[in-house]
Structures are given as structure tokens and as C-alpha cells.
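Residue numbers (my numbering), protein chains in the order written: chain A, 20 to 317; chain B, 267 to 818. Reading through the C-alpha cells given below for one structure.
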């Protein structure tokens with residue numbers, strides 16, 4: 020498949036501070052890639068490097084097959100960008116801001132822009148300096164989407180947005196991917212990435228810890244399972260099953276964490292007791308995410 | 267250093283005060299070193315009226331000339347400028363940064379914040395004054411210059427109180443309006459007009475007493491370096507300080523705090539009005555953002571209007587008719603005027619209309635006016651967008667960094683030429699009104715050269731900003747370098763053996779060829795243009811190779 024963003028051994032040092040170490044990443048066209056990590060992990064440094072705002076200490080990167088340094092201007096014809104901690108010109112209205120950037124990019128369909136503004140419920144007639152941070156963020160999102168770029172690079176784009184607008188924004192990202200275009204979404208909020216991303220990369224202390232498909236992560240996920248029997252149960256029965264942890268028995272009720280195949284657990288259970296009810300909480304990336312971090316620190 | 271609002275402000279701001287004062291100390295060293303090597307009888311033989319005009323005492327010596335040339339004008343202006351920048355940032359600056367709410371979220375009253383900020387302002391201006399006083403003692407000792415009978419302490423005390431006057435004025439305006447840029451702009455304007463009128467009005471016999479309305483009069487008219495402290499004059503300035511302090515206190519406590527919003531301008535009102543909307547939308551909206559250079563120019567239009575307007579009306583049109591009013595005594599003595607005497611003010615002798623205009627308009631005010639706009643645009647052109655974190659968004663568009671530098675340079679150059687043209691138009695009209703018969707071609711030549719000089723320094727400021735990404739650095743380094751070259755250009759010709767080195771100062775290529783008399787010197791114009799182009803090229807080179815700063 021065609022590569023949208025590709026990095027090879029991308030490394031950035033600020034003096035003695037190592038911000039990014041040997042990052043190898045390949046993001047294909049048409050996918051939504053979630054880039055996850057806590058504050059200060061190196062997400063923004065990675066984005067600023069591939070946008071040629073800062074120069075890598077070593078390694079290289081390409082977007083749509085073009086070198087991010089040598090062909091940076093050409094690349095920028097094909098991307099939309101929302102910086103983290105978005106700042107714009109306070110004395111321009113939202114509409115003026117979009118016009119300013121549209122003049123530099125060309126190819127902006129204003130009917131499409133109006134459609135985006137409607138969907139996000141953005142007021143483009145007010146000065147940016149007079150907008151609340153969420154409303155300012157909407158203007159930032161519209162400027163990134165307005166020229167229907169091949170690659171969208173967004174650093175913490177949902178900050179300040181209310182839940183309804185977030186949902187619309189997620190729909191917009193899905194449409195971009197469905198159109199064969201690419202979204203690179205940096206975030207520390209897992210719930211958002213969980214909803215929209217196909218794959219996630221997890222970065223920690225400047226190093227890429229893992230790249231997994233969201234579906235794969237889910238199957239690996241620890242889920243919390245609650246079982247109800249017609250007779251009182253014994254903890255030891257469940258603890259014997261591989262993958263079971265944190266068993267809490269309360270008379271007929273059993274709660275446990277499980278990260279194995281459901282079949283093996285149910286086989287044991289059905290053998291010993293009569294199952295009255297079973298419920299399982301959806302796999303949560305949050306827990307996987309924390310697992311990666313716990314593993315890293317230990 | 268973060269224990270209190272007071273100590274934090276000191277921590278944030280001490281550098282400006284120290285760097286400014288130390289730089290002036292170095293200029294004093296340069297000035298006295300030059301004066302030490304020349305025959306001072308050209309000054310002491312001057313008629314009394316002349317000496318009084320330019321603040322030279324009867325027994326002028328190296329010490330009084332050095333203090334007079336460096337401290338009384340540049341020193342006082344610099345120290346006041348430092349006070350203005352602190353005063354305007356005190357309250358309004360925290361509002362602009364959006365930190366005032368956070369600060370007042372603590373159990374501290376608005377009065378406490380104001381008093382703490384004010385105390386730090388006073389302390390840091392005092393620190394600058396102490397350094398200036400120290401330099402005033404050390405420099406003569408190094409150069410073995412006799413300063414017996416000189417009241418350096420009195421001069422520096424006058425400078426200190428004078429600086430507080432303008433610092434408190436900026437504080438009061440900032441505390442009352444919450445607009446930092448407005449506070450510093452208005453106060454700096456008042457200071458320049460005061461400085462100018464205090465020097466100009468005594469030259470005209472009928473207007474002599476009017477000089478007393480200028481606050482600057484109470485700083486220097488009593489010649490504190492010779493006559494010691496004038497408590498009556500200091501009292502006038504101190505009353506102003508107290509008044510402004512009270513205004514600030516009332517202002518900060520009575521009004522709503524501003525958020526980071528930008529306020530409503532006249533254009534916004536016209537834009538909201540359905541009848542004017544269509545035209546204004548085009549003007550203030552789509553046209554304004556059609557190119558980077560147009561947006562850059564439009565961002566600084568207020569500054570341009572004030573600066574060009576001042577140069578046109580006050581420094582241009584008004585100066586001409588005043589020539590006929592000048593105290594005749596001064597013109598009578600014209601033939602004994604040493605050529606180099608007024609070099610610090612751009613030279614020019616008052617026996618001719620050209621000399622009059624050179625002294626009042628072209629010598630100091632015109633280059634300052636052009637530099638105010640060119641350096642204001644250039645210093646913020648790159649570093650300002652980085653500090654406001656908009657550069658990343660701007661460069662996410664398909665434009666090379668060099669285009670950003672070049673378009674912003676175009677805006678800077680256009681503004682430099684507009685101020686030059688306003689000066690030309692004002693002086694040409696002033697000359698016609700006063701019947702002075704000056705050559706319009708020569709006025710145009712001089713105006714063109716001053717534009718080129720200002721643009722060259724603007725380009726230098728752009729290069730500093732491109733290299734460092736810091737606005738303050740781009741401003742202060744440029745102002746320091748320009749002032750250094752100006753003094754260099756003014757003082758070196760006084761000494762025959764050093765006079766040849768004057769060609770290394772860009773300022774020499776502005777008035778060095780006497781363009782008001784001799785007309786355009788294309789070679790000199792070319793040198794200034796080449797400098798401007800060279801620095802813009804350097805800015806492109808430096809900016810292209812640097813990591814963008816993430817925060818201011």
C-alpha cells in the first residue's frame with residue numbers, strides 16, 4: 020500500500036536533552052493513525068520534525084514519498100496541520116484567517132469551508148482573539164481540512180471541543196480516511212483514538228514502544244468479567260485458569276480480570292457451576308496503554 | 267526570586283536595566299575618549315547665548331561635554347524608555363499574557379499587585395541609575411579626566427526622577443486601559459515631543475517660556491551636571507510621579523480586567539454596519555490578508571499613521587515658518603559656530619534654512635522616526651510570529667521560509683519609504699510656507715537617504731530576529747548598534763586622526779555628503795541599499811537553517 024508518512028531512524032536532540040530516538044514508522048494512505056503518549060513523550064517533536072519546523076539530529080522522514088526537508092514546500096501543498104497549543108492572529112476574524120491561508124494554498128472551495136463551519140458550529144465572523152479556546156480550535160480545524168489535504172497532521176486537535184463537536188470532528192476524520200486520505204492524530208486522550216484510529220503508535224521518552232492495530236490491541240486487552248452462579252463459588256477454581264487475575268468472590272457473584280481466550284474460561288466455569296448471568300466490560304485501550312507504561316518503568 | 271510579585275518582576279526585568287545602563291557607560295567611555303583628544307576652545311569661545319542653547323557651560327571641559335552629550339540626551343531617553351517598557355507591562359502586560367487572572371486568583375489584592383510592580387519598577391530604574399553613576403565615576407578615572415566641580419550624582423538623580431515620570435505615566439495609562447501597547451506608545455510619544463519641545467522652543471524668542479510646559483524642561487533646563495540638584499524642578503517631576511501613581515491605583519481598582527481579546531476598533535464597527543460592510547469587508551478583510559506583506563503592513567498601520575503624521579506636520583510643515591522666529595542672536599553668531607559642535611544632533615548651522623532643518627528634523631528625528639517603523643516591523647516579522655506561536659501554522663502552507671522573510675522585508679521597506687516621503691512632503695511644504703527656498707530635489711534626496719538608512723537598520727533587526735527568534739533581542743541589539751554608530755559618526759570627526767574611521771558607520775552615508783545642500787549622493791545611497799539587501803539576505807540564510815522556537 021502507498022506510504023503516507025514514513026520515518027527512518029528519526030532522532031532529535033536539544034542539546035543534551037533527547038526528545039526523539041530512532042523513530043521508525045510507516046503510515047499508509049487511507050488510515051487513521053493515532054499517536055499516543057503522555058505529555059513530554061516526544062509527540063510534538065516528531066510532528067515538528069516531519070513538518071520541517073525543526074531539523075532532525077539524524078534520520079530522515081518522508082510524506083507522500085517526498086523528503087520532509089528537501090521537498091518541504093511541495094509537501095505542504097498536500098497537508099493540513101493543526102498545531103498543539105494552537106495560536107492564531109487575534110486581530111483577524113476566523114474568516115480572514117482562513118482567507119489568509121487559503122491565498123497561500125490555493126484550491127480552497129468556499130462552499131466546502133462553509134459546510135465545515137456549519138458542521139462544527141463555528142463562528143467565522145468574530146475575531147480570533149475574542150473566541151473561547153474551543154471556538155478558536157474550530158477555526159484551526161477548518162483551516163486544516165479546508166483544502167481537502169491528502170495528509171492531515173493534528174497535534175491534540177480535540178482540546179477544548181465539547182462532546183458534540185468532538186463527535187462531528189471524529190466523523191470528519193473517518194470521511195477523510197474513507198476517501199483514501201490519511202490522518203495522523205497525536206493525542207494523550209485514548210478514548211478519542213480508540214473511537215477513530217485504525218492503528219496506534221505508543222511513544223514514551225522519545226521512543227516508539229509499540230505499533231498495533233486497534234483491533235489487535237482489543238483482543239489482547241484485559242477485560243473485566245462478572246459471573247453470577249446459582250450456588251456460591253470458590254475463588255481457587257477461577258484462579259487456576261490461565262490469564263485470570265484479581266478474582267473477587269462475593270457469594271454467588273464473581274468478578275475477575277481476564278486477558279486470555281474466553282472459551283477456556285467458560286469451559287472451566289460450565290464444568291463446575293450453573294451460569295446464571297455473565298457480563299463483560301468492553302476492552303479499554305486505557306488499560307493496555309497503562310500496561311505498556313508499567314512495563315516500561317519496571 | 268519567586269517569593270513575591272515584587273521579586274519575580276525584578277527577576278524577569280533586571281537584564282534590560284543592566285544592559286541599557288552598561289551600554290550607556292560604554293558610550294560615555296567612547297565620548298570622553300574622543301573629547302579628550304580635541305581642542306575644547308572651540309566650545310569655550312562660543313558666545314553665551316549659544317552655549318546656553320546647547321547646554322555647554324562657560325568652563326566646558328571633557329567631563330561636562332561627555333556627560334552632556336551622552337547622559338543628558340541618550341542616557342536620559344534610554345533610562346526613561348526602560349521605565350516606560352516596565353510601566354506599560356506592569357498591569358497591561360499581565361492582561362495581554364492572560365496571566366492577570368491567575369495572579370489575582372491568589373489571595374492578593376489588585377492594589378498589592380500594583381504596588382509590588384511599581385516598587386520593582388522604581389528599584390530597577392534606580393539600579394540603572396546607580397550603574398550610570400558608577401560609570402560616570404569610573405570612566406573619567408580610567409581616562410584621567412578631571413571632573414572636579416561636576417555634579418554627576420545630581421545629573422543621574424535628575425535622570426532617575428525623569429525616567430520615573432515617564433514610567434509612571436505608562437503605568438497609569440496601562441492600569442487604566444489595560445492596553446500595554448497603547449500605554450507605551452502614548453508615553454513614548456509624549457516623551458519624544460517633550461524632549462523635542464524642550465530643545466526647540468527656547469530657540470524661538472517669543473516661545474521661550476512655553477518650554478516650561480514640556481516635562482523634559484524640568485529634567486535638563488537647570489543643567490544639573492553643572493549646577494547640582496534643582497529641587498524645585500525635581501519637585502515638579504515628582505508631583506507628576508505621585509499623580510500618575512494615584513491614577514494607576516484608581517484605574518486598576520475600578521475597571522473590569524481584560525481578557526486576551528483584541529478590543530473593538532473603528533474598522534470593526536464599520537464592518538458590523540450593513541451599509542459600510544461590503545467596502546470595509548474588502549478593505550479590512552480579504553484585501554488585508556491577500557498577501558503576507560499586506561497583512562504585515564496592515565498590522566502596523568497605527569504606528570505608521572502616527573509616525574508619518576508627526577514627521578509631516580510637526581517636524582516638516584511646522585518647522586519651516588518657525589525659522590523666521592528664531593532668536594536673531596543665534597543666527598548672528600552663526601559664523602563662529604564650530605562645524606562639529608552640533609554633530610550629535612546631525613550637524614547643521616542655523617544661519618541657513620537647510621542647517622535649521624538638518625538640526626531640527628533630519629539630524630535626529632527623521633532617522634529615529636524611520637527606524638521606529640522599520641525596526642518595529644522587522645523585529646516582530648519572524649521572532650514575533652515565533653513568540654506568538656503562529657509561525658508553525660504560517661509555514662505549514664506551501665511557501666518557503668525565504669518568502670516569509672522577503673514579503674515581510676517588503677512591508678518594512680514600504681513603511682520606511684512612506685515615513686521618508688511624509689518627511690519630504692512636510693519639509694517641502696514647510697520650506698514653501700516659511701519662504702525658505704530650499705531645493706525640493708535636495709529635500710527628496712535627504713528623505714530618500716534617511717529611508718534607506720532606516721531600512722538598513724530594519725534589515726539588521728530582521729537578521730537578528732532570524733538568528734535568535736527573540737523580539738527583544740532584535741530590538742535592543744539594533745537600537746544599541748544604531749546609537750553606537752550614531753555617536754561614532756558624530757564624535758569621530760572631532761578628532762583628526764580618528765576621522766577617517768567614520769566611513770565604517772552606516773550613519774555616515776546618510777548626512778555625510780550634506781545632501782540638503784549638495785543633493786543626492788548615489789554612491790552613499792547605494793551603500794545603504796546594499797547594506798539593507800545584504801542583511802535581508804543574511805536573514806534568509808539564517809532563518810532557513812534554524813529550528814523554529816516553540817514558545818516565546
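Ideal placement from N, C-alpha and C gives every residue a C-beta, glycine not left out. Since we're looking at a predicted model, the values are computed, not measured.
**Report entry** Buried versus exposed call for residue 497 (chain B) [16 or more other C-beta atoms within 10 Å across all chains shown]
**Finding:** exposed
Query raised in the report: For residue 287 (chain B), which three-state DSSP category applies?
Result: Of the three classes helix, strand and coil, the one that applies to residue 287 (chain B) here is helix, per DSSP.
Query raised in the report: Near residue 818 (chain B), what residues of its chain come up, given a Cβ to Cβ distance below 6 Å and the 5 sequence neighbours on each side ignored?
Result: Bear in mind that the predicted position of residue 818 (chain B) carries a pLDDT of just 39, short of 50, making it unreliable; the figure below should be weighed with that in mind. For residue 818 (chain B), where only same-chain residues beyond five positions count, the Cβ hits under 6 Å are 653.
Requested in this report: Alpha carbon to alpha carbon, how far is residue 32 (chain A) from residue 253 (chain A)? Give it in angstroms, no decimals.
Outcome: 55 Å
Requested in this report: Return the residue from the list B:368, B:431, B:413 and B:777 that minimises the CA-CA distance to residue 484 (chain B).
Outcome: B:431
Requested in this report: Mind listing, in chain order, the continuous beta strand (DSSP E) runs of no fewer than 3 residues lying wholly within the region 47-87 of chain A?
Outcome: 51-55 and 77-82
Query - Burial state of residue 622 (chain B), where buried means 16 or more other Cβ atoms lie within 10 Å - result: buried
Query raised in the report: Closest Cβ-Cβ distance between residue 38 (chain A) and chain B: below 8 Å?
Result: no
Query raised in the report: So which residues of chain A does residue 661 (chain B) contact, with C-beta pairs closer than 7 Å?
Result: 72
Query raised in the report: In terms of alpha-carbon separation, which member of A:275, A:223 and A:132 lies closest to residue 57 (chain A)?
Result: A:223
Query raised in the report: Is residue 484 (chain B) near the ligand SAM, going by C-beta to nearest heavy atom under 7 Å?
Result: Ligands are entirely absent from the displayed structure, and the ligand SAM is therefore not among its contents.
Query raised in the report: Hey, residue 107 (chain A) and residue 147 (chain A) are a contact pair by Cβ (cut 8 Å); roughly how many whole angstroms apart?
Result: Between the beta-carbon of residue 107 (chain A) and that of residue 147 (chain A) there is about 5 Å, and that keeps the pair under the 8 Å contact cut.
Report task. Output the boundary residues of the beta strand (DSSP E) element that contains residue 27 (chain A). Result -> 22-33
**Report entry** Where the region 655-679 of chain B meets chain A: residues whose CB sits under 7 Å from a CB there
**Finding:** 655, 656, 658, 659, 661, 662, 663, 664, 665 and 666
Requested in this report: Take residue 461 (chain B) and list the residues in its own chain whose beta-carbon comes closer than 6 Å to its own, dropping the five residues that flank it on each side.
Outcome: 482
Query raised in the report: For a contact meaning CB atoms closer than 8 Å, what does residue 114 (chain A) contact in chain B?
Result: 551
Requested in this report: Taking all protein chains shown into account, decide if residue 21 (chain A) is buried (16 or more other Cβ within 10 angstroms of its Cβ) or exposed.
Outcome: exposed
Query - C-beta atoms of residue 44 (chain A) and residue 78 (chain A) nearer than 8 Å - result: no
Requested in this report: Please say whether residue 248 (chain A) and residue 293 (chain A) have beta carbons closer to each other than 8 Å?
Outcome: yes
Report task. Using alpha carbons as the reference points, say which of B:755, B:741 and B:722 lies closest to residue 791 (chain B). Result -> Relative to residue 791 (chain B), the option among B:755, B:741 and B:722 whose CA is nearest is B:722.
Requested in this report: With DSSP as the reference, please indicate the residues paired to residue 272 (chain A) in a beta bridge.
Outcome: A:247 and A:269
Query - Given 8 Å, three or more beta-carbon pairs between the region 253-262 of chain A and the region 83-98 of chain A - result: The region 83-98 of chain A and the region 253-262 of chain A do not touch, with fewer than three beta-carbon pairs separated by less than 8 Å.
Query raised in the report: Taking the continuous alpha helix (DSSP H) assigned at residue 177 (chain A), which residues delimit it?
Result: Premise fails: residue 177 (chain A) is in no alpha helix (DSSP H) and is neither H nor E.
Query raised in the report: How big is the Cα-Cα spacing for residue 225 (chain A) and residue 201 (chain A)?
Result: CA-CA distance, residue 225 (chain A) to residue 201 (chain A), rounds to 23 Å.
Query raised in the report: Short check: CB of residue 366 (chain B) to CB of residue 470 (chain B), under 8 Å?
Result: no
Query - Meets three-Cβ-pair contact criterion under 8 Å: the region 289-296 of chain B and the region 395-415 of chain B - result: yes
Requested in this report: Let me know if residue 63 (chain A) comes out buried or exposed under the rule of 16 or more other beta-carbons within 10 Å of its beta-carbon.
Outcome: buried
Query raised in the report: Looking at the C-beta of residue 561 (chain B), does it have a partner C-beta in chain A at a distance below 8 Å?
Result: yes
Requested in this report: Please determine if the region 152-162 of chain A and the region 109-119 of chain A are in contact, where contact requires at least 3 C-beta pairs separated by less than 8 Å.
Outcome: yes
Query raised in the report: Would residue 173 (chain A) pass as a contact of residue 205 (chain A) if the rule is Cβ separation under 8 Å?
Result: yes
Query raised in the report: To which residues does DSSP link residue 232 (chain A) through a beta bridge?
Result: A:218
Query raised in the report: Between the region 351-360 of chain B and the region 374-386 of chain B, do three or more beta carbon pairs fall short of 8 Å?
Result: yes
Report task. Assuming residue 105 (chain A) and residue 53 (chain A) form a contact by the criterion Cβ under 8 Å, report the distance between their Cβ atoms to the nearest whole angstrom. Result -> 19 Å between Cβ atoms; not a contact.
Query raised in the report: Do residue 841 (chain B) and residue 427 (chain B) have their CB atoms nearer than 8 Å?
Result: Here chain B covers residues 267 to 818 and nothing more, so residue 841 (chain B) does not appear.
Query raised in the report: Which residues does DSSP pair with residue 405 (chain B) in a beta bridge?
Result: Residue 405 (chain B) is not bridged to any residue.
Query raised in the report: Between the region 664-684 of chain B and the region 694-706 of chain B, do three or more beta carbon pairs fall short of 8 Å?
Result: no
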